[in-house]
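Protein chains in written order, with my numbering: chain A, 18 to 124; chain B, 252 to 1116.
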């Protein structure tokens, strides 16, 4: 399958979407990443990454409710799907198996 | 009302984000905006919102043009455009020819304007430099020649200014075979602080500090020493105008000077040497031999300008003549704004430049209108093609895109052709007009600008035909197709033709007037006989002592009809203006009078007669030293107080006024005849005779010139130089000639464009009315009637254009002629001639097309479908 590789930032965003469990949209993702890693990314960058993840089939989007604070505009909420879950687990397994090979003495 | 984010930023989001993603983006940004409002206040929040909006565009959410694939469609547009152009070769040629001619003219004018307005840019301090001019406060006349005191006094009064003066003094350099260097100047050591020139060797700041130092240009250095590496070499320098010789050492070598600097020299020597040479003269305000420039810090300019009258009063006090003043001219204005300054030699002329720029814009305008007109008319041939495209699903935007792409392609092709024409034709034009334009002044950015403008022009000119085609009905809608007549009878087409006629007629009248004025100046009756007069300048002081001797020798030559000595050549600069008083006029109020040193043969030789009194008497040297002859203009000073034989005071010395001669133009016709006093002076004064005028027999001019040269060689080792007075006068109007030729060329181009345009339009009209014409012919219409039928539309437009063009031309040309001291009267015949020429050409075009159709049997046309 073409283009299902997970980039570093994509992995981070995908993870965050998973954590937020149905309440993920541009701003919550941005805030969550900032609070966990200290990385500040612009909301447009987050949008672009979310769009990419959706195209790769790792997340699904649905229209959320509008609210007054958004000038009456609806949210686009994102939810991780099975493929996304699997991709994350695969990355994690890869990392852990590699960590096991790391000699204890290396600094 | 709560604080809102900037409206334009919201708009920007709508522009750059497709509707699918707009809610998400705007909503998120608004939420952040609300958060920012609480945290950092409205000001900062709005700014942050704007920044986020500006940085928001992402590829995936840019709005897409639906149903339109740019790359593929452009490829198709190119192909169709080229096929269509080739299929209708003659129409393409006509359309392209007009455009190319127009662009060529515009490119050439742009090059000319760019070249002329780019003078002196190499001088880094140019914005703070000023040229010091002599100015007569009474009549505002100005001159660029200044005395040593001008600069010295300014520097003393305003110590913060930088001063550089330089004065011409032809010298001979070298020992064995001395080289005459005309462009030698004595210059202040600060010369290279004010003016920027590139040095090959030597130090710009100190190269003129010591006495006997020398700065040469690279090419002079090669001539003198065979190398540009001449630093430290010495060479004897003999001042041509005197008997002094210096052994000078090369302290600096500069690269050959850029053409477009109005400050020019071949070699410079330090002012200290000039002080040795001309000690006594340097303390006189009247000894004007220098060009003076000052550098003034920007914030202190007003101080200097306001302080100059005070300075003059302090220095000169009551002795200051009423006609004495100082004016400052900005360095950047020197080249283009100096036509009013006495003895100005710069070609630059801001007025002519503006006229050319205007003509260039007019030509561009008509060639574009022409192009649009033809393109719209040609669209008729595309009805079927566009209909098919529409049937296959092309949207109006796509059709418009196609025609605009075609138009851009066309203008680009025209532009390339025009550039080729300009580049290849430039040497001929330079030759024809004695110009030295070069394409070297065009920078990369200019080229980019031209490219950009061509694309823009293509888009603009493409819009009208594109709109017409976009409105075209779909093929199959027969009724609508029949009713569709693009451009026919539309007011835009008529307005376009009207503007072309307006410009053509106006320019034609202008070209006539300019040419007439030039001819008028050239053939003006100067009031004296300038034919067969040879002028020989005698610059060597030594030779001036022996001038009477030389005169007698020449007089004896066969074929020489007469010789005279004079202090002024013809045409003259008249640079000795003295004061005139007489009994009836107050001593404190002298009138300016120009002095010409002559001998008693002068008036006879150049053929001017006496209105009153008599000539100087031959042989009475003492008597001649106390007498004076006026011209009529000078007699007008005296009015009814004039008496033959009365005493007048000239520069404080009594002279007896023995005669009055007819006015004649010893200066060029750019200025009126001025009051002149003719006097005889012995050798050795500034006003003494230093020219010979020889009247020769025209039959044997070359042998006589040979004999003159032989006599010259007996007295001098310098090369023999001469010129013919009538040629010198004609040459003085070179600028007018060049202007006349240029205006003529551009007028021809404008008319050619208009006629080519008319040609194309008539050919389309004829094609469309082919059946109507044929039926009329069968019913017996004569050719004249058919011409009327076709010409009717154009005639009304033509008349309307005349109503505007003629008064405008009349007014503008009258204004232009006002700039001349002597000018022609505007002749209504010029207007008639211009109108007739345009009318005839238009009629010819119509008749030509009719001839072509009438050759075909009407039945052939009517039976074909």
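Ideal Cβ placement from N, Cα and C applies to all residues, glycine included.
Can you give the Cα-Cα distance for residue i and residue j, rounded to whole angstroms?
{"i": "residue 563 (chain B)", "j": "residue 902 (chain B)", "result": "21 Å"}
{"i": "residue 37 (chain A)", "j": "residue 48 (chain A)", "result": "11 Å"}
{"i": "residue 852 (chain B)", "j": "residue 1082 (chain B)", "result": "48 Å"}
{"i": "residue 739 (chain B)", "j": "residue 1114 (chain B)", "result": "Since pLDDT at residue 739 (chain B) reaches only 49, below the 50 mark, its modelled position is unreliable, and the value read off the structure follows with that caveat. When rounded, the distance between both Cα atoms is 24 Å."}
{"i": "residue 931 (chain B)", "j": "residue 986 (chain B)", "result": "35 Å"}
{"i": "residue 693 (chain B)", "j": "residue 267 (chain B)", "result": "38 Å"}
{"i": "residue 535 (chain B)", "j": "residue 359 (chain B)", "result": "48 Å"}
{"i": "residue 783 (chain B)", "j": "residue 943 (chain B)", "result": "13 Å"}
{"i": "residue 527 (chain B)", "j": "residue 435 (chain B)", "result": "16 Å"}
{"i": "residue 468 (chain B)", "j": "residue 447 (chain B)", "result": "14 Å"}
{"i": "residue 660 (chain B)", "j": "residue 344 (chain B)", "result": "14 Å"}
{"i": "residue 364 (chain B)", "j": "residue 370 (chain B)", "result": "11 Å"}
{"i": "residue 917 (chain B)", "j": "residue 437 (chain B)", "result": "31 Å"}
{"i": "residue 582 (chain B)", "j": "residue 968 (chain B)", "result": "40 Å"}
{"i": "residue 933 (chain B)", "j": "residue 1075 (chain B)", "result": "42 Å"}
{"i": "residue 657 (chain B)", "j": "residue 332 (chain B)", "result": "6 Å"}
{"i": "residue 905 (chain B)", "j": "residue 899 (chain B)", "result": "6 Å"}
{"i": "residue 310 (chain B)", "j": "residue 271 (chain B)", "result": "13 Å"}
{"i": "residue 532 (chain B)", "j": "residue 386 (chain B)", "result": "21 Å"}
{"i": "residue 644 (chain B)", "j": "residue 710 (chain B)", "result": "24 Å"}
Do residue i and residue j have their C-beta atoms within less than 9 Å of each other?
{"i": "residue 517 (chain B)", "j": "residue 465 (chain B)", "result": "no"}
{"i": "residue 66 (chain A)", "j": "residue 282 (chain B)", "result": "no"}
{"i": "residue 627 (chain B)", "j": "residue 715 (chain B)", "result": "yes"}
{"i": "residue 384 (chain B)", "j": "residue 391 (chain B)", "result": "no"}
{"i": "residue 376 (chain B)", "j": "residue 546 (chain B)", "result": "yes"}
{"i": "residue 102 (chain A)", "j": "residue 35 (chain A)", "result": "yes"}
{"i": "residue 879 (chain B)", "j": "residue 940 (chain B)", "result": "no"}
{"i": "residue 497 (chain B)", "j": "residue 488 (chain B)", "result": "yes"}
{"i": "residue 689 (chain B)", "j": "residue 366 (chain B)", "result": "yes"}
{"i": "residue 787 (chain B)", "j": "residue 616 (chain B)", "result": "no"}
{"i": "residue 662 (chain B)", "j": "residue 712 (chain B)", "result": "yes"}
{"i": "residue 822 (chain B)", "j": "residue 885 (chain B)", "result": "no"}
{"i": "residue 857 (chain B)", "j": "residue 780 (chain B)", "result": "yes"}
{"i": "residue 848 (chain B)", "j": "residue 936 (chain B)", "result": "yes"}
{"i": "residue 566 (chain B)", "j": "residue 409 (chain B)", "result": "no"}
Would you mind telling me which residues of chain B sit closer than 8 Å to residue i, beta carbon to beta carbon, in chain order?
{"i": "residue 42 (chain A)", "result": "275 and 279"}
{"i": "residue 88 (chain A)", "result": "277, 278 and 281"}
{"i": "residue 96 (chain A)", "result": "Residues of chain B passing the Cβ test: none, with the nearest at roughly 15 Å."}
Closer than 7 Å by beta-carbon distance: list the chain B residues that pair up with residue i, in chain order.
{"i": "residue 65 (chain A)", "result": "309 and 311"}
{"i": "residue 91 (chain A)", "result": "274 and 278"}
Using a Cβ cut-off of 8 Å, pull out every chain A residue sitting near residue i, in sequence order please.
{"i": "residue 303 (chain B)", "result": "59, 60 and 61"}
{"i": "residue 306 (chain B)", "result": "59 and 61"}
How would you list, in chain order, the residues of chain A whose beta-carbon sits under 7 Å from the beta-carbon of residue i?
{"i": "residue 264 (chain B)", "result": "Per Cβ cutoff of 7 Å: no residues; residue 264 (chain B) is ~10 Å from chain A at best."}
{"i": "residue 285 (chain B)", "result": "86"}
Closer than 9 Å by beta-carbon distance: list the chain B residues that pair up with residue i, in chain order.
{"i": "residue 68 (chain A)", "result": "272, 309, 311 and 312"}
Note the first and the last residue of the continuous beta strand (DSSP E) segment covering residue i.
{"i": "residue 519 (chain B)", "result": "518–521"}
{"i": "residue 464 (chain B)", "result": "464–468"}
{"i": "residue 848 (chain B)", "result": "842–848"}
{"i": "residue 91 (chain A)", "result": "91–97"}
{"i": "residue 815 (chain B)", "result": "811–817"}
{"i": "residue 453 (chain B)", "result": "450–453"}
Starting from residue i and walking both ways along the alpha helix (DSSP H), at which residues does that stretch end?
{"i": "residue 621 (chain B)", "result": "601–629"}
{"i": "residue 1102 (chain B)", "result": "1079–1105"}
{"i": "residue 682 (chain B)", "result": "647–684"}
{"i": "residue 501 (chain B)", "result": "Looking at the DSSP string, residue 501 (chain B) is not in any alpha helix (DSSP H); the run it does join, the beta strand (DSSP E), is 496–505."}
{"i": "residue 72 (chain A)", "result": "60–73"}
Kindly confirm or deny that the region 599–606 of chain B and the region 326–342 of chain B touch, where touching means at least three C-beta pairs closer than 8 Å. no
Would the region 1086–1095 of chain B count as touching the region 1049–1063 of chain B if we require 3 or more Cβ pairs under 8 Å? yes
Any chance the region 291–309 of chain B sits against the region 110–118 of chain A, with 3 or more Cβ pairs inside 8 Å? no
Is the region 637–653 of chain B touching the region 334–351 of chain B in the sense that three or more CB pairs, one from each, lie closer than 8 Å? no
Spell out a yes or no on whether the region 422–432 of chain B and the region 394–413 of chain B are touching, meaning 3 or more CB-CB pairs, one atom from each, closer than 8 Å. No, the region 422–432 of chain B does not touch the region 394–413 of chain B.
Any chance the region 766–778 of chain B sits against the region 909–923 of chain B, with 3 or more Cβ pairs inside 8 Å? yes
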